[in-house]
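Input: a single structure, listed below in structure tokens.
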Amino acid sequence: LEWPRLESHEQIWKSMPELKTSPYGSWASPITADWIVAGTVGLGQICIDGENVYWNEVRPSEKGRSVVCRRGTDGSIEDVSPSDANVRTRAHEYGGGAFTLDQGTLWYSNDSDRRVWSLPTAGTAAPLTPKRDWRFADLTRDALRGRLIAVCEDHETEDAEPVNRLVAIGDDGNVRTLVEGADFYAAPRISPDGKSLAWLSWDHPNMPWDGCSLWCAQLAEDGELGGAELIAGGMEEAIFQPQFSPDGELFFVSDRSGWWNIYRAQQDEGGTRIAPVLPLEAECGLPQWIFGMSTYGFASESQLVFSYIVDGLSKLAIFDLANCELTPVLSPFVDISGLKVGDGKAVFVGCSLCDLPMVATLEVATCTLGIHYRSAQSSLATGDVSKPVPVTIPVGDGEVAYGFFYPPQSATHVGPEEARPPLIVKSHGGPTGQTTAAFSAKIQFWTSRGFAVLDVNYRGSTGYGRAYRRRLNGDWGVLDVEDCAAGARWLAEKGWVDGERMAISGGSAGGYTTLCALTFEDCFAAGASHYGIGDLSALAEDTHKFESRYLDSLIGPWPDAEETYRARSPIHHTEELSCPVIFLQGLEDKVVPPAQAQAMVAALKSKGIPVAYIPFAEEAHGFRQAANVKRALEGELYFYGRIFDFTPADQIEPVEIENF
390 LEWPRLESHE
400 QIWKSMPELK
410 TSPYGSWASP
420 ITADWIVAGT
430 VGLGQICIDG
440 ENVYWNEVRP
450 SEKGRSVVCR
460 RGTDGSIEDV
470 SPSDANVRTR
480 AHEYGGGAFT
490 LDQGTLWYSN
500 DSDRRVWSLP
510 TAGTAAPLTP
520 KRDWRFADLT
530 RDALRGRLIA
540 VCEDHETEDA
550 EPVNRLVAIG
560 DDGNVRTLVE
570 GADFYAAPRI
580 SPDGKSLAWL
590 SWDHPNMPWD
600 GCSLWCAQLA
610 EDGELGGAEL
620 IAGGMEEAIF
630 QPQFSPDGEL
640 FFVSDRSGWW
650 NIYRAQQDEG
660 GTRIAPVLPL
670 EAECGLPQWI
680 FGMSTYGFAS
690 ESQLVFSYIV
700 DGLSKLAIFD
710 LANCELTPVL
720 SPFVDISGLK
730 VGDGKAVFVG
740 CSLCDLPMVA
750 TLEVATCTLG
760 IHYRSAQSSL
770 ATGDVSKPVP
780 VTIPVGDGEV
790 AYGFFYPPQS
800 ATHVGPEEAR
810 PPLIVKSHGG
820 PTGQTTAAFS
830 AKIQFWTSRG
840 FAVLDVNYRG
850 STGYGRAYRR
860 RLNGDWGVLD
870 VEDCAAGARW
880 LAEKGWVDGE
890 RMAISGGSAG
900 GYTTLCALTF
910 EDCFAAGASH
920 YGIGDLSALA
930 EDTHKFESRY
940 LDSLIGPWPD
950 AEETYRARSP
960 IHHTEELSCP
970 VIFLQGLEDK
980 VVPPAQAQAM
990 VAALKSKGIP
1000 VAYIPFAEEA
1010 HGFRQAANVK
1020 RALEGELYFY
1030 GRIFDFTPAD
1040 QIEPVEIENF
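Its first residue numbered 390, the sequence shown is counted upward by one per residue in the numbering used here.
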């Protein structure tokens, strides 16, 4: 990939007199909110069943409904799941692994009733599990015994957190427990001969990327489990994606070397021996925020296809296990997810610098890439797409943070010669997550209107090794904030952006970083919190099970570290907050309840600081419905227009700004 240099963009700005000169932020753009919500869909889980490829598609135009789609051998695309189904699970609140297939039969979790349904190839969908307050995820087919194996999150225990277990769901609907006792389970995987089951488990206070355990047990003919053997992992080793090879050997990803690499569990006279497959200073694993994540698969007994991340960019390769030969695959994709392998091909969701996500394929024998399905059929002019410039930002005491800088870009507009563009710093969620260089319609929404954007992979982000990922432990609300502010100041000092018009925006944990930066740093002139955290103690006391102990590592154990929680909670330091903020919040959010945003809004109102609040009914943690995605984008643009004194070209419903 040839990354564009910033100087080339500056030359473009100054050497195109035929362009219309307009204030930054006021440019007309073809990347409208309507285009984003009407012309695109979200792509999720991939599944290969024989020659057919299936994927999960989230449709904003249908109120965020998730649909299982299929591309047949003739190239036709069709919906497989029923028109009244929403294929989604709320296990761990974030879900994932909501469907599976075998010989054309589809099994899926339906969001409306939380039940698992079955849909035969030539039949009608019918509920399989009973009406209980259970949530199922990571559905895996045990064809030998006519059943599914899945993670079950039981919410029927009163006055206690949900109980997690591994269960078998018979084709008769009978649900029986296979494994229980740990706080969390994930990734049940069956060997090709049906005689072994591998899975992951972990306990509070760990998150799966802190440390988890890989287990394997024999499966009897009646489906009962034998004694489980601990293969790898523990409190300090994070395991990802156990999977059996075609000849029954157990593979998995571990960060024991400091990088998430692929390993195999080999049996010899001395027992189980763990051996690395291909040592790399690269990340072959991901933080398991959702079920069913995958980065590798087997094209044959000796061929392994895998994706990996170097410096925040995804790569694709084929590894010959027999000859230890690595074949890199030249690919335009800088973000690869959900990779599955079968029928001589690898299928994944890929995203390049200039295209929206697509279902892509790799024909393993020929190393040929193809496109199965695009999440948007319309395309944009090259002149309207801003290319990311990777940046390394000096921070702390000799440390660095990473990010991608997007200059303003338009095929029809240019900013005034002596002016510099306003900046939006993006802080990603997680915080154990990452941003990528992949084309983002929402980032291009801003750059095509004359904004510059800095998308920060602050210390604590994934994609740069375990040490970098763990750097935020104990320092959330400090280092991430420092990195975002340092990046903004660094750009302003270089003269690439207007230092007087810099904003910060983020969602969830990124919303917390946003509010902290606005409160504790004298850097930004405005901010936008999308379902962000204002009160850490409220989050520790009122959140879902999966993240209920997440803050133990990021902040400190609750309530022992109560003083630290208070010191780093923006809600307790509104006297230090003196710039305008807009809050966007789903009213059904169980991860960050709306009371958090409402408390911050009330505090800013009473202090006389300009503040806007847009609540969204029927939205949870993140906005899925087209009308709400549109309102959130346009509302934030309107807010910046009022604060930074420019008039957007878009016709936008006004947002009420208190104290303005």
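Where a beta carbon is used, it is the ideal one built from N, C-alpha and C, also for glycine.
Since we're looking at a predicted model, the values are computed, not measured.
Item                                                                                                                                                      : Value
Quick check: residue 829 and residue 773, are their CB atoms within less than 8 Å of each other?                                                          : no
For residue 529 versus residue 565, is the C-beta spacing smaller than 8 Å?                                                                               : no
Within this structure, are the beta carbons of residue 608 and residue 583 separated by less than 8 Å?                                                    : yes
With a cut-off of 8 Å, do at least 3 Cβ pairs link the segment 1005 to 1022 to the segment 958 to 977?                                                    : yes
Measuring alpha carbon to alpha carbon, tell me which residue in 412, 458, 792 is nearest residue 763.                                                    : 458
Just curious, the beta strand (DSSP E) that residue 607 is in, first and last residue?                                                                    : 602 to 607
With DSSP as the reference, label residue 1064 as helix, strand or coil.                                                                                  : The shown model of the chain, from 390 to 1049, leaves out residue 1064, and the question about it has no answer.
Okay, do the segment 798 to 816 and the segment 424 to 442 touch, 3+ Cβ pairs below 8 Å being the bar?                                                    : no
Look up residue 665 in the DSSP assignment and give the residues it is bridged to.                                                                        : 652
Based on Cα-Cα distance, which residue from 920, 946, 760 lies nearest to residue 930?                                                                    : 946
Taking a contact to mean a Cβ-Cβ separation below 8 Å, would you say residue 970 touches residue 916 in this structure?                                   : yes
Helix, strand or coil for residue 809? Go by DSSP, reduced to three states.                                                                               : coil
Going by DSSP in three states, residue 377 sits in which element: helix, strand or coil?                                                                  : Residue coverage of the chain in this structure runs from 390 to 1049, which leaves residue 377 outside it and unanswerable.
Using DSSP bridges, identify the partner residues of residue 555.                                                                                         : 540, 568
In whole angstroms, what is the alpha-carbon distance linking residue 420 and residue 832?                                                                : 10 Å
Which of helix, strand or coil does DSSP assign to residue 1019?                                                                                          : helix
Do residue 587 and residue 605 have their CB atoms nearer than 8 Å?                                                                                       : yes
For the candidate residues 478, 482, 483, whose alpha-carbon lies nearest to that of residue 489?                                                         : 478
If we count the other Cβ atoms within 10 Å of its Cβ and call it buried at 16 or more, is residue 563 buried or exposed?                                  : exposed
Is the distance from the Cβ of residue 1054 to the Cβ of residue 855 below 8 Å?                                                                           : As shown, the chain starts at 390 and ends at 1049. That puts residue 1054 outside it, with no answer to give.
Taking only the alpha-carbon atoms, compute the straight-line gap between residue 995 and residue 1046 and give it to the nearest angstrom.               : 13 Å
For residue 1033, which three-state DSSP category applies?                                                                                                : helix
Go through its chain and collect everything with a Cβ distance to residue 590's Cβ below 6 Å, but skip five positions before and after it.                : 571, 574, 602
Going by DSSP in three states, residue 786 sits in which element: helix, strand or coil?                                                                  : coil
Here's the rule: buried if 16 or more other CB atoms are within 10 angstroms of the residue's CB, otherwise exposed. What is residue 985?                 : buried
Give the C-beta separation of residue 888 and residue 904 to the nearest angstrom, bearing in mind that I take them to be a contact with Cβ-Cβ under 8 Å. : That belief does not hold up - the Cβ atoms of residue 888 and residue 904 are roughly 21 Å apart, past 8 Å.
Counting pairs of beta carbons, one from the segment 521 to 535 and one from the segment 549 to 562, are three or more of them closer than 8 Å?           : yes
Would you call the CB atoms of residue 795 and residue 827 closer than 8 Å?                                                                               : no
Do the segment 873 to 890 and the segment 779 to 792 touch if we need at least three Cβ pairs shorter than 8 Å?                                           : yes
Which same chain residues end up closer than 7 Å to residue 932 when comparing Cβ atoms and leaving out the 5 residues on each side of it in sequence?    : 980
Can the beta-carbon of residue 898 be found closer than 8 Å to that of residue 820?                                                                       : yes
Out of curiosity, what's the CA-to-CA distance linking residue 526 and residue 414?                                                                       : 43 Å
Can you tell me where the alpha helix (DSSP H) holding residue 696 begins and where it ends?                                                              : Counting along the chain, residue 696 falls outside any alpha helix (DSSP H), though it belongs to the beta strand (DSSP E) covering 692 to 699.
Would DSSP call residue 989 helix, strand or coil?                                                                                                        : helix
Applying the 10 Å Cβ sphere with the 16-neighbour rule, what's the burial state of residue 672?                                                           : buried
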